[in-house]
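In what follows, a single structure is set out as structure tokens and then discussed.
Protein chains: 2
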Amino acid sequence: MSKKRKLGRGVAMVGAGMSKFGMFSDLDSKDLFTQAFGELTGSIDKGLDPKDIDALYVGNFTNDFFVSQSHWGAILADTLGLAPKPATRTEGACASSALAFREAVFAVASGFYDIVLVGGFEDMSKRSTEEVAEGLSLAAIPYERKAAFTFPGIFGAIATAYFDQYGASREHLMNVTIKSHQNAVLNPKAQYQASIRDIMASKIERAKSKGRSAPEWCDEKDFLRDPMANPMIAWPMHLFDCSPISDGAACMLLVGEELARQFTDDPLYVAGLGQASGKGLHATDNLTAFEATACAADEAYRMSGFRPSDIQFAEVHDCFSIAEILHIEDLGFFEKGHGYKAVEEGLTRLDGPKPINTSGGLKCKGHPVGATGAAQLIEIWEQLRGQAGERQLQNGNLRIGAAHNLGGTGGTSTFTILERR
Amino acid sequence: MSKKRKLGRGVAMVGAGMSKFGMFSDLDSKDLFTQAFGELTGSIDKGLDPKDIDALYVGNFTNDFFVSQSHWGAILADTLGLAPKPATRTEGACASSALAFREAVFAVASGFYDIVLVGGFEDMSKRSTEEVAEGLSLAAIPYERKAAFTFPGIFGAIATAYFDQYGASREHLMNVTIKSHQNAVLNPKAQYQASIRDIMASKIERAKSKGRSAPEWCDEKDFLRDPMANPMIAWPMHLFDCSPISDGAACMLLVGEELARQFTDDPLYVAGLGQASGKGLHATDNLTAFEATACAADEAYRMSGFRPSDIQFAEVHDCFSIAEILHIEDLGFFEKGHGYKAVEEGLTRLDGPKPINTSGGLKCKGHPVGATGAAQLIEIWEQLRGQAGERQLQNGNLRIGAAHNLGGTGGTSTFTILERR
């Protein structure tokens, strides 16, 4: 068990903004981050003079090799007109911007800075699928790469082990996918703003318009079982079990707790922070739990004083459908081996007692890897402040939400609890 | 002018270690960092149980594309046996580990962690010179790359502008090189532990042993003027104006100020921290000053209450000989346009009133880019504690030293003041 951690100065979130997520052939990293920053400045209820920003933190994973440019802290500080303010990039694979968030929290909590901009971004879609698969594997632990595992392969192996251990099946994974798509319908920023039924209808429509016989599926699972509609990637991971290739950016403004109400009457507070490192799958006895996630969660719970049952809703790192099931167990929301049943019973739906990935998750909102950690926290921000539009949770007393971000195959895991007071 | 910054909790340095710097065909990033960590654990006067380390921060610039592996925080946490402790990588080009150092300071100053390991590393020498030149250009601002500038080209342009503006010449740059080599003779970790005279003698020896007529140089400058011995890279940058391609790692242990004496009776304290972003050379009116360096220095001086004249010695980012001259001006040690004269007069030598780059600097100690910021701070550590061996400064009352680290062409600049109390 970890020590009980605390911050010497409380930290509040007072603004947030994100670009639409998707595949944008005409937008680069600077364009996307500028979009997100523009939305952020507009989101500050009582206004923000960008000159008052003390520092910038950005998370990014792949730009070194996908766009052949490093040093993005400095570049974005210049792009946003913030230079000579200091800017720092963090990299922790798909958890890159959750790490940036933590560093921004520490910078404010240390008393050194008062007002810090933090976010993440990724620009992946201009590379071929092969290049992206190769590039993303740089996040894995070297032993996994030597064993020729790709990410779908690793999570496929995890899913197979989970099926074996707990009696789940592919049908249970489909419940995660169907829910993610349902939520994303209500998220205008989502890359795939379509339910599985919407996708079925559009495929039928397209077949008819081309004069071909329309496919016939009796329901969503029937569609997901169809190998033409949902081809296998790495057993049992099929196309609709996998998060997509995405571009996007997201950012937030953090300030010292005592300054929060200069910016908004409705700030959120950082109640719990946790981060841990995993050893890699080669060194684990158990493929069906991420030790780093459990450690990160323990650190955040102890800091906040909250228990898993206090977390009213969460964004978790569903890079693959099986990952969502593992994480809701590792975070303590459901007992080990019961996550798939909870999803099946609807407990994690928008109208369930523990909504998970109300944004549509990585699967449907999109997964521009360096932006994901920040975007998860923005979903918590919007839900807690009642600004989530059509997907707004209807719990009358929303107060506590959390975001879980995973880097690689569990090499890095973070858990962040936000509170509205 | 920046605000006066302070930390809510003081932070002390209580241990340090570094690998030898050089080109090591048989050592990778893990090997090098493990070497540095081994030396660090041995350096803690009162001992360290690695289990007590709360978190790890590492700076690295090029591993994503030079060794095709990212996510080094997690990998090194595993390598050192620290997992599940959290680990975060920072990247700010050649300032990557100075950024890691700042984040480690903030993490401790925030009260969240008590004992943090921080360092940097780079593994560059296994790539061809062409690949390294291409890769390092990822640190530059995109406009500079579009203009086809390489790093020697950029610093060559800066030198030419400096010559024009202040009447300096190539002969003055040679004084920097000669001093760096003299200092490095006394540094057993240095990549080039040889004076220019040593190099001259060895070249003469080699010529004789091959039965060729021995070159004749009347002194060091005569050698440096010889285009066979010191070929031009990008006018007026010649081979001996440029820091080398290096592998290496360096790390330090930081703790809350009140805990320092549990580890050593002779800790150092973080007195001043500064970081700033530059806009890139395309946007500057003046090629002969780095605005980011002046801003970073201002922030650190204001925090510490010290003036430039209080800094008894410093490591500055001499990626090229001209850079050392610019930085000692931008940091306020000498007036603008007088840096080259100060070097000529010997003011920056080991026995001068303001010793600069006592380690041999990037030029001779080596420049494994992600390790450089950490290694600079370790030179300050060794000098202030009287552990610098033959290159120990003989000032009887050494108390204040500082390190300046530059990323790219001034996109990021940091200045850190350490104090012995």
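In the order they appear, the protein sequences are chains A and B.
Going letter by letter, the first sequence gives residues 126 to 546 in this note's numbering.
Going letter by letter, the second sequence gives residues 126 to 546 in this note's numbering.
Just so you know, even glycine gets a beta-carbon here, dropped at the ideal spot from N, CA and C.
- Chain A has a Cβ within less than 8 Å of the Cβ of B:T215.
- In the DSSP annotation of this structure, the continuous segment of the beta strand (DSSP E) that includes A:F246 starts and ends at 240-248.
- Between B:D323 and B:Q307, the alpha-carbon positions lie close to 10 Å from each other.
- Counting the other Cβ atoms within 10 Å of the Cβ of B:W360 gives fewer than 16, which makes it exposed.
- The beta carbon of A:Y238 sits closer than 6 Å to those of D179, A180, A232, all from its chain and outside the five residues before and after it, given in chain order.
- For B:Y465, same chain residues with a beta-carbon under 6 Å away, outside a window of 5 residues either side, are A293, H297, I450 in chain order.
- The DSSP assignment places no complete run of the beta strand (DSSP E) inside the region 289-335 of chain B (cut-off: 3 residues).
- Chain order gives the chain B residues near A:D189 as D189, F190, L263, where near means a beta carbon separation below 7 Å.
- A residue is called buried once 16 or more other Cβ atoms fall within 10 Å of its Cβ, and B:G172, having fewer, is exposed.
- For the pair B:S262 and B:F276, the Cα-to-Cα distance works out to about 7 Å.
- The beta carbon of A:E544 sits closer than 6 Å to those of Y394, A396, I525, all from its chain and outside the five residues before and after it, given in chain order.
- Boundaries of the alpha helix (DSSP H) harbouring B:L487: 486-490, taken from the DSSP string.
- Annotation: B:Y287 to B:T534 spans about 15 Å, alpha carbon to alpha carbon.
- The region 204-213 of chain B makes no contact with the region 513-521 of chain B, as fewer than three CB pairs between them are under 8 Å.
- Nearest to B:L412 by C-alpha distance, out of B:L378, B:T285, B:R337, B:T254, is B:T285.
- In the three-state DSSP reduction, B:C420 falls in the helix class (H, G or I).
- When secondary structure is reduced to three states using DSSP, B:T413 falls in the coil class, being assigned neither helix nor strand.
- Annotation for B:N530: the continuous beta strand (DSSP E) segment containing it runs 525-532.
- The criterion of a C-beta distance shorter than 8 Å is satisfied by B:S402 and A:K210.
- Of all alpha-carbon atoms in A:A264, A:S235, A:N355, the one lying nearest the alpha-carbon of A:V136 is that of A:S235.
- Listed in chain order, the non-local C-beta contacts of A:S371 below 6 Å within the same chain comprise F146, Q316, G491, H492, P493, local neighbours out to five positions each way being set aside.
- Of all residues in the region 209-236 of chain B, only P209, K210, P211, A212, T213, R214, T215, E216, G217, A218, L224, E228, F231, A232, A234, S235, G236 place a beta-carbon less than 7 Å from a beta-carbon of chain A.
- Taking 8 Å as the threshold, the shortest C-beta distance from B:K176 to chain A does not fall below it.
- What B:Q400 touches in chain A, judged by beta-carbon distance under 7 Å, is P211, going in chain order.
- Taking C-beta separations shorter than 6 Å and ignoring five residues to either side along the sequence, the partners of A:G217 in its chain run L224, G532, T537, following chain order.
- Excluding its 5 nearest sequence neighbours in each direction, A:A282 has C-beta neighbours in its own chain below 7 Å: L412, listed in chain order.
- A:G381 is a Cβ neighbour of A:R134, given a cutoff of 8 Å.
- Boundaries of the beta strand (DSSP E) harbouring B:A359: 357-359, taken from the DSSP string.
- Using a Cβ-Cβ cut-off of 8 Å, B:D455 is close to nothing in chain A; its nearest Cβ partner there is about 12 Å away.
- The Cβ of B:H529 sits no closer than 8 Å to any Cβ of chain A.
- Counting other Cβ atoms within 10 Å of its Cβ, B:S150 stays below 16 and is therefore classed as exposed.
- In terms of CA proximity to B:Q437, B:I453 leads the group B:E345, B:I447, B:D443, B:I453.
- Not one beta carbon of chain B lies nearer than 8 Å to the beta carbon of A:K171.
- The alpha carbon of A:T159 has as its nearest neighbour, out of A:V183, A:M138, A:D177, A:D170, the alpha carbon of A:V183.
- Collapsing the DSSP output to three states places A:A401 in a strand.
- In this structure A:D455 is buried. Its beta-carbon is surrounded by 16 or more other beta-carbon atoms within 10 angstroms.
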